[in-house]
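Residue numbers (the UniProt record's numbering): 1 to 429.
Notes follow the structure.
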């Protein structure tokens, strides 16, 4: 059994979203799991095989959790934001995703994706890959190789398209079953499959129902998109005339479970939010993407007021950055924009978005028993933050409290301030 000891300041959140700031703790990690957390330790209180003493200016936080990211779209980062969602998908996204029939291309891109997101502090990623199962397994292999905790989704689409980027219902189910088996054959405790119907415009009711059955049979997560764009919502309403809402379509299919996460949810009605709450279904807030593609401003506080669990997503390449720090910043800006337009509205603050990026994301992904904050019994998924790093964006010209240092990281820091990354106790950066 390997025993590791980390000593230094700690910032994380509790299950109520409250910020916990501790000036000095000792965290004992045994085989990747936290066994003891002691405040104000004295020399000799705990022993370990390896001891990491944080230097002045450094502090520990939980690893970031990206609840919605399209690994296959990475090459398009920063391109196409002059289009709305549906036009952007047809012009840029679908043509790119067809390239993943090439395994060499998949190897090249997914190698970069996992390395890059780990560098950005993403210790857990909920990935959309592409339509192609074998290619999507490569993403899982890369995550296992480099030590990133991940949910890997082979995309499902059976609505016929002129470019051929689709499957029949039968092909989709057969390929998805094989994909689940192949991901499990990787035999990594960090990497799991997730059922991934792209959205209601790409899948008919028959396929969505069959995918829901697979999710139940194999006890796996589900992810898809919902209510991202007004044109999209209108198209869903036209296509599924017999259903009262976008959420009702997914509910009829059996896709709304307590292990389902829906990306965006900008325009969800009160009735829909109550349904999601009843089903235990979560939403991934993707503020950068919603701004870049001009989809809308998601009111996170409204979602949470209905008891809906909310995490944070970069939504690359709809979003312009793979950094969760950037996503936190964007979430603050979006909430401020809502407040400007809504007298009396209290916007999100830095504590709120930090929770969304860590324990909130873990809760949204139904992984909060294992990750999200640094308490005994959970996996040691953690980041060492250093605001004194000479190559970073911040100049420390006065003294700051530990809580002020967190604010500075969220508002003005970047990946250069993330000097060490740990997943299940293993250093991966």
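Every residue gets a Cβ at the ideal spot worked out from N, C-alpha and C, and that includes glycine.
Next on the checklist: How far does the beta strand (DSSP E) with residue 149 in it extend, from its first residue to its last?
Outcome noted: The residue you call residue 149 lines up with position 149 of the chain shown. Run containing residue 149: 149-153, per the beta strand (DSSP E) assignment.
Checklist entry - At a cut of 8 Å, does the stretch 218-237 reach the stretch 295-313 through at least three beta carbon pairs? => result A contact exists between the stretch 218-237 and the stretch 295-313.
Checklist entry - Distance, Cα to Cα, residue 37 vs residue 375? => result Locating residue 37 in the chain shown gives position 37, where the first residue counts as 1. Locating residue 375 in the chain shown gives position 375, where the first residue counts as 1. Between the alpha carbons of residue 37 and residue 375 lies a gap of roughly 7 Å.
Next on the checklist: Is it buried or exposed, residue 411, if we count other Cβ atoms within 10 angstroms and call 16 or more buried?
Outcome noted: What you label residue 411 is simply residue 411 of the chain shown in a count that begins at 1. By the neighbour-count rule (16 or more Cβ atoms within 10 Å), residue 411 is not buried but exposed.
Item to check | Close Cβ partners of residue 307 (< 7 Å) along its chain, the five nearest in sequence each way excluded | outcome: By 1-based counting over the chain shown, the position of residue 307 is 307. Same-chain partners within the cutoff: 277.
Checklist entry - If you count every other CB in all the chains shown that lies within 10 Å of the CB of residue 26, and 16 or more means buried, which is it? => result For this step, residue 26 is matched to residue 26 along the chain shown. Buried, by the Cβ-count rule.
Item to check | Contact check, residue 357 vs residue 324, beta carbons under 7 Å | outcome: Locating residue 357 in the chain shown gives position 357, where the first residue counts as 1. Locating residue 324 in the chain shown gives position 324, where the first residue counts as 1. Less than 7 Å separates the beta-carbon of residue 357 from that of residue 324.
Next on the checklist: Beta-carbon within less than 6 Å of residue 99's beta-carbon, same chain only, minus the 5 sequence neighbours each way: which residues are those?
Outcome noted: Here the question's residue 99 lines up with position 99 in the chain shown. Counting only Cβ-Cβ distances below 6 Å, and skipping sequence neighbours, we find 105.
Checklist entry - Unbroken beta strand (DSSP E) runs of length 3 or more, entirely within the stretch 203-263: which are they? => result Qualifying beta strand (DSSP E) stretches, in chain order: 221-226.
Checklist entry - How about the stretch 326-341 and the stretch 390-397: do they share at least three Cβ pairs that are nearer than 8 Å? => result The stretch 326-341 vs the stretch 390-397: no contact.
Checklist entry - Does DSSP put residue 113 in a helix, a strand or coil? => result Working through the chain shown from its first residue, we reach residue 113 at position 113. Residue state, collapsed to three classes: helix.
Item to check | Alpha carbon of residue 193 to alpha carbon of residue 399, nearest angstrom | outcome: For the purposes of this step, residue 193 is identified with residue 193 of the chain shown, where counting begins at 1. For the purposes of this step, residue 399 is identified with residue 399 of the chain shown, where counting begins at 1. The alpha-carbon atoms of residue 193 and residue 399 are separated by roughly 46 Å.
Next on the checklist: DSSP three-state label for residue 410, please.
Outcome noted: As a first step, residue 410 is located in the chain shown; it is residue number 410 there, counting from the start. Residue 410 falls in the helix class under three-state DSSP.
Checklist entry - Do you know whose CA, among 319, 241, 409 and 265, lies nearest residue 82's CA? => result For the purposes of this step, residue 82 is identified with residue 82 of the chain shown, where counting begins at 1. Residue nearest to residue 82 within the set 319, 241, 409 and 265 is 319 (criterion: CA-CA distance).
Next on the checklist: Using only the alpha-carbon positions, how far apart do residue 79 and residue 127 sit?
Outcome noted: Sequence index remark: in the chain shown, residue 79 carries index 79 (1-based). Sequence index remark: in the chain shown, residue 127 carries index 127 (1-based). Those two C-alpha atoms are separated by around 20 Å.
Checklist entry - Anyone know if the C-beta pair for residue 311 and residue 360 falls short of 7 Å? => result Start at 1 with the first residue of the chain shown, and residue 311 comes out as number 311. Start at 1 with the first residue of the chain shown, and residue 360 comes out as number 360. Less than 7 Å divides the Cβ of residue 311 from the Cβ of residue 360.
Checklist entry - If you draw a straight line from the alpha carbon of residue 275 to that of residue 151, how long is it in whole angstroms? => result Numbered from its first residue, the chain shown carries residue 275 at position 275. Numbered from its first residue, the chain shown carries residue 151 at position 151. Rounded to whole angstroms, the separation of the alpha carbons of residue 151 and residue 275 is 25 Å.
Checklist entry - When burial is assigned at 16 or more other CB atoms within 10 Å of the CB, is residue 157 buried or exposed? => result The count along the chain shown starts at 1 and reaches residue 157 at position 157. Buried.
Next on the checklist: Checking 7 Å against the spacing of the C-beta atoms, do residue 279 and residue 303 come in under that value?
Outcome noted: Here residue 279 refers to the residue found at position 279 when the chain shown is read from its first residue. Here residue 303 refers to the residue found at position 303 when the chain shown is read from its first residue. It is not a contact, given that the beta carbons lie outside the stated cut-off.
Next on the checklist: For residue 345, count the other beta carbons within 10 Å of its own beta carbon; 16 or more makes it buried, fewer makes it exposed. Which is it?
Outcome noted: Locating residue 345 in the chain shown gives position 345, where the first residue counts as 1. Looking at its Cβ environment, which holds fewer than 16 other Cβ atoms inside 10 Å, residue 345 is exposed.
Checklist entry - What separation, rounded to the nearest whole angstrom, lies between the Cα atoms of residue 87 and residue 248? => result Within the chain shown, residue 87 is the residue found at index 87, counting from 1. Within the chain shown, residue 248 is the residue found at index 248, counting from 1. Going from the Cα of residue 87 to the Cα of residue 248 covers about 25 Å.
Next on the checklist: With the cut-off set at 7 Å, would you say residue 417 and residue 386 are in Cβ contact?
Outcome noted: Taking the chain shown and counting its residues from 1, the one referred to as residue 417 is at position 417. Taking the chain shown and counting its residues from 1, the one referred to as residue 386 is at position 386. Remark: C-beta atoms of residue 417 and residue 386 approach each other more closely than 7 Å.
Next on the checklist: Quick check: the Cα distance between residue 10 and residue 22, rounded to an integer number of angstroms?
Outcome noted: Taking the first residue of the chain shown as 1, we reach residue 10 at position 10. Taking the first residue of the chain shown as 1, we reach residue 22 at position 22. Rounded to the nearest angstrom, the two C-alpha atoms are 5 Å apart.
Checklist entry - Among 301, 2 and 333, which residue has its Cα nearest to the Cα of residue 35? => result In the chain shown, residue 35 corresponds to position 35, counting from 1. Among 301, 2 and 333, the Cα nearest to that of residue 35 is on 2.
Checklist entry - What whole-angstrom Cβ distance do residue 423 and residue 84 have, given they're in contact under 8 Å? => result On the chain shown, position 423 is the one that residue 423 refers to. On the chain shown, position 84 is the one that residue 84 refers to. Actually they are not in contact, since the Cβ atoms of residue 423 and residue 84 sit about 37 Å apart, beyond 8 Å.
Next on the checklist: Which runs of the beta strand (DSSP E) at least 3 residues long sit entirely within the stretch 126-175? Give them in chain order.
Outcome noted: Runs of the beta strand (DSSP E) inside the stretch 126-175: 149-153.
Item to check | In DSSP terms, what residue 300 is bridged to | outcome: Along the chain shown, read from residue 1 onward, the residue named residue 300 stands at position 300. According to DSSP, which records beta bridges pairwise, residue 300 is partnered with nothing at all.
Checklist entry - How far does the beta strand (DSSP E) with residue 193 in it reach, from first residue to last? => result As a first step, residue 193 is located in the chain shown; it is residue number 193 there, counting from the start. Start and end: 191-197.
Item to check | Terminal residues of the alpha helix (DSSP H) in which residue 361 lies | outcome: The sequence position of residue 361 within the chain shown is 361, counting from 1. Per DSSP, the unbroken alpha helix (DSSP H) holding residue 361 starts and ends at 359-364.
Checklist entry - Between which two residues does the alpha helix (DSSP H) containing residue 120 stretch? => result Within the chain shown, residue 120 is the residue found at index 120, counting from 1. No alpha helix (DSSP H) holds residue 120; DSSP gives it neither H nor E.
Checklist entry - Does any C-beta atom of chain D lie closer than 7 Å to the C-beta of residue 121? => result Protein chains in the displayed structure number just one, and chain D is not present.
Item to check | the stretch 135-152 in contact with the stretch 106-117 per 3-pair CB rule at 8 Å | outcome: Yes, they touch.
Checklist entry - Between 388, 42, 114 and 235, which lies nearest to residue 429 when the distance is taken from Cα to Cα? => result Numbered from 1 along the chain shown, position 429 holds the residue referred to as residue 429. Distances from the alpha-carbon of residue 429 to those of 388, 42, 114 and 235 put 114 closest.
Item to check | C-alpha distance - residue 267 paired with residue 4, whole-angstrom precision | outcome: The count along the chain shown starts at 1 and reaches residue 267 at position 267. The count along the chain shown starts at 1 and reaches residue 4 at position 4. Rounded to whole angstroms, residue 267 to residue 4 spans 46 Å at the Cα level.
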